[in-house]
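Worksheet: one structure, shown below.
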Amino acid sequence: MSAANENNASEPQGKGRELRSFLLLSVVLAPALSVAFVGGLGLVIWVYQMIAGPPGPPPA
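Rendered as C-alpha cells:
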C-alpha cells in the first residue's frame, strides 16, 4: 500500500514533467529536426547536381 501512496503523491509533479517534455518535443525538437532533415537533403541534392549536372535532357 505504501508504494501506491507514493505514486499518487508524486503524480502532479509527474504530469508537469510530462507536459514540459511534450512541449519540448513538439515545439522545439520536432521543428528543429524537420528543418535539419530538409536542409541536409537539399545540401545532398545540391552537391550531387554539382557533380552530375542539372536534371533534364543533355544539351544538344
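So for the sequence shown, the numbering used here puts the first residue at 726; every next one is plus one. By construction, the Cβ of each residue, glycine as well, lies at the ideal position given by its N, Cα and C atoms.
*Helix or strand or just coil, what does DSSP make of ALA785?*
Here the question's residue 785 lines up with position 60 in the sequence shown. Here DSSP, grouped into helix, strand and coil, assigns ALA785 to coil.
*To the nearest angstrom, how far is it from the Cα of TRP771 to the Cα of GLY741?*
Reading the sequence shown from its first residue, position 46 is the one you call residue 771. Reading the sequence shown from its first residue, position 16 is the one you call residue 741. One Cα belongs to TRP771, the other to GLY741, and the distance between them is close to 44 angstroms.
*What did DSSP end up calling PRO780 once you bin it into helix, strand or coil?*
Taking the first residue of the sequence shown as 1, we reach residue 780 at position 55. Three-state DSSP puts PRO780 in coil, outside helix and strand.
_Going by beta-carbon coordinates alone, are GLN774 and PRO783 separated by less than 9 angstroms?_
One-based indexing of the sequence shown puts residue 774 at position 49. One-based indexing of the sequence shown puts residue 783 at position 58. Going by C-beta atoms, GLN774 is not nearer than 9 angstroms to PRO783.
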